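S.K.: Quick one: the structure is below, questions incoming.
Written out as structure tokens, the structure reads:
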């Protein structure tokens, strides 16, 4: 069996509205009250965050975009802390599930639209702790900023199919419906991890 897990909303709980409020507190009032942070930050193909998650710009460039929206005295460290606050720590029961599935001989993948700060500075270190390595949890990790692909682009799923063992049934868990609908018809899809824990 091959299991494919989304990260945000599946392996890691996310708090988008909380992040928006916390980021608004870093902004000058004249900007904060003209447009909401989610309008300023965007989320579509023309936003700097989309470019960041596609790997078209790096962390320093992303931080410069964030700084341009903030009060002059706001530091990169403050921005990082607010940026990380969107994601909860990986729960122990999730870690145990992933290790168990992999140790039983299943193929375990992670597939995420994400960015270097979230992955390299926050999420990956949580998996690489307590004597465990990333390989204890996943056979392979597929990240949008490394692949320059973005769910629900079909090319992203096609990339993953190259690594699925022949004859394996596939269970794909993603909390976003359009991502599940774009997956190959042969994959079983779920919107929550809870049934597996």
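In our numbering, the protein residues as written are 654 to 850.
All residues carry an ideal CB built from backbone N, CA and C; glycine is no exception.
Treat the numbers as computed from the prediction; the structure is a model and nothing was measured.
#1: In whole angstroms, give me the CA-to-CA distance for residue 792 and residue 681.
#2: Can you name, in chain order, every residue of its own chain whose Cβ lies under 8 angstroms from the Cβ of residue 826, other than the five neighbours on each side?
#3: So, do the region 783–799 and the region 761–775 have three or more beta carbon pairs nearer to each other than 8 angstroms?
#4: Under 7 angstroms Cβ to Cβ from residue 736, same chain only, skipping five residues before and after it: list those, please.
#5: By the three-class DSSP mapping on this structure, what secondary structure does residue 825 have?
#6: Can you round the beta-carbon distance between residue 654 and residue 813 to whole angstroms, since I take them to be within the 8 angstroms contact cut?
#7: Which class does residue 736 belong to by DSSP, given the choice of helix, strand or coil?
#8: Residue 778 to residue 685, Cα distance in whole Å?
#9: Determine the contact status of residue 829 and residue 739, defining contact as a CB-CB distance below 8 angstroms.
#10: Could you work out which residue in 801, 788, 811, 745 is closest to residue 666 when comparing CA atoms only?
#11: In chain order, what residues of the same chain have a beta carbon less than 7 angstroms from the beta carbon of residue 675, not counting five sequence neighbours either side?
#12: For the beta strand (DSSP E) holding residue 664, just list the boundary residues, first then last.
#13: At which residues does the alpha helix (DSSP H) containing residue 779 begin and terminate?
#14: Could you give the first and the last residue of the continuous alpha helix (DSSP H) run that contains residue 716?
#15: Measure from the alpha carbon of residue 755 to the alpha carbon of each residue in 718, 717, 786, 804, then state which is nearest.
#16: In chain order, what residues of the same chain lie with their CB nearer than 7 angstroms to the CB of residue 801, ignoring the 5 residues before and after it?
#17: If we count the other Cβ atoms within 10 Å of its Cβ and call it buried at 16 or more, is residue 753 buried or exposed?
#18: Quick check on the burial criterion: 16 or more other C-beta atoms within 10 angstroms. Buried or exposed for residue 661?
#19: Considering only DSSP beta bridges, list what residue 763 is partnered with.
M.R.: According to the data block:
#1: Residue numbering aside, residue 792 sits at position 139 when the chain shown is read from its first letter. Residue numbering aside, residue 681 sits at position 28 when the chain shown is read from its first letter. C-alpha separation (whole angstroms): 45 angstroms.
#2: Locating residue 826 in the chain shown gives position 173, where the first residue counts as 1. Contacts found: 656, 657, 658, 659, 663, 842, 843, 844, 845, 846, 849.
#3: Segment contact: the region 783–799 against the region 761–775, three or more CB-CB distances shorter than 8 angstroms; contact assigned.
#4: Your numbering for residue 736 matches position 83 in the chain shown. So the qualifying residues of the chain are 770.
#5: Locating residue 825 in the chain shown gives position 172, where the first residue counts as 1. The answer is strand: DSSP assigns residue 825 an E or B state.
#6: As a first step, residue 654 must be located in the chain shown, where it is residue number 1. As a first step, residue 813 must be located in the chain shown, where it is residue number 160. Rounded, the Cβ-Cβ distance is 15 angstroms, inconsistent with contact.
#7: Counting from one through the chain shown, the residue named residue 736 turns up at place 83. In the displayed model, residue 736 falls within a helix according to three-state DSSP.
#8: In the chain shown, residue 778 corresponds to position 125, counting from 1. In the chain shown, residue 685 corresponds to position 32, counting from 1. Whole-angstrom Cα-Cα distance: 33 angstroms.
#9: To locate residue 829, count along the chain shown from 1; it is residue 176. To locate residue 739, count along the chain shown from 1; it is residue 86. Not in contact: residue 829 and residue 739 (Cβ atoms no closer than 8 angstroms).
#10: Here residue 666 refers to the residue found at position 13 of the chain shown. Of the candidates 801, 788, 811, 745, the one whose C-alpha sits nearest the C-alpha of residue 666 is 745.
#11: On the chain shown, residue 675 is found 22 positions in, with the first residue counted as 1. The beta carbon of residue 675 lies closer than 7 angstroms to those of 735, 738 in the same chain, with the five residues before and after it left out.
#12: Within the chain shown, numbered from 1, the residue matching residue 664 stands at position 11. Note, residue 664: premise wrong, no beta strand (DSSP E); not H, not E.
#13: On the chain shown, position 126 is the one that residue 779 refers to. For residue 779, the enclosing alpha helix (DSSP H) starts and ends at 777–780.
#14: Counted from its first residue, the chain shown places residue 716 at position 63. Residues 712–722.
#15: In the chain shown, the residue the question calls residue 755 occupies position 102. Taking only the C-alpha atoms, the option nearest residue 755 is 786.
#16: For the purposes of this step, residue 801 is identified with residue 148 of the chain shown, where counting begins at 1. Result list for residue 801: 707, 708, in chain order.
#17: As a working mapping, residue 753 is identified with position 100 in the chain shown. Exposed, by the Cβ-count rule.
#18: Within the chain shown, numbered from 1, the residue matching residue 661 stands at position 8. Buried is the call here.
#19: The residue labelled residue 763 in the question sits at position 110 within the chain shown. According to DSSP, residue 763 bridges with 658, 794.
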